[in-house]
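A short write-up of the structure that comes next.
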């Protein structure tokens, strides 16, 4: 597939998500505590997606966007670029890791009540197919497997628009009280 023949539905969906975010006033940055206090994890993510809260600056660096959240579910989409290549001429494993870790973490975050947070304790990734810039958009869909009180596990897959698998991962996250200062 040539670079100008990328699947258009997913490209358009990511572009629309970024436009909606910016129209809502969204910009890269960090939310202040007073902006998120009293909000559940899912409410925080939904506020980021609408532009009411800043989104992580890393999203622009990695060319990825949070498209969707639901209870125990998050969907990220990324478009690998030349700047994401490794010395071997394919997309660096760190790009896949970031896309997967972001989707997995946000899936976990959707299950958290106000005042609770998480941190990744373990992340296991398998890249099963290389990607290039010409590959086009790749989507990471993550779901929570076990929503425990102190530990949550989740799994995710990275696929292209035709359903071809590129990578999959699992995570274990510790649940903790949100830092207030």
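Residue numbers (full-length UniProt numbering): 1 to 181. Note that CB positions come from ideal geometry on N, CA and C, so glycine has one too. Quantities reported herein were computed from a predicted structural model and do not represent experimental measurements.
Task: Straight-line Cα distance separating residue 137 from residue 3 - done: With a pLDDT of only 43 at residue 3, under the threshold of 50, the placement of this residue in the model should not be trusted; the figure read from the coordinates follows. C-alpha separation (whole angstroms): 11 Å.
Task: Inter-residue Cα distance where the pair is residue 117 and residue 96 - done: 24 Å
Task: residue 26 classed as buried or exposed, judged by whether at least 16 other C-beta atoms fall within 10 angstroms - done: buried
- [ ] Pick helix, strand or coil for residue 19, following the three-state DSSP scheme.
- [x] helix
Task: Alpha-carbon spacing of residue 34 relative to residue 134, whole angstroms - done: 42 Å
Task: Reference residue 173, options 145, 163, 48 and 52, closest by Cα - done: 145
Task: When 85, 104, 54 and 55 are compared against residue 245, the one with the closest alpha-carbon - done: Any question about residue 245 goes unanswered here, given that the chain covers just 1 to 181.
TODO: State the Cα-Cα distance for the pair residue 59 and residue 139, rounded to the nearest angstrom.
DONE: 14 Å
Task: Cβ shell of residue 112 (< 6 Å), same chain only, five flanking positions each side left out - done: 41
TODO: Mind checking which residues open and close the alpha helix (DSSP H) that includes residue 88?
DONE: Looking at the DSSP string, residue 88 is not in any alpha helix (DSSP H), and its letter there is neither H nor E.
Open item on the list: Using a Cβ-Cβ cutoff of less than 8 Å, which residues in the same chain neighbour residue 151 once the five nearest sequence positions on both sides are dropped?
Closed with: 121, 172, 173, 174 and 175
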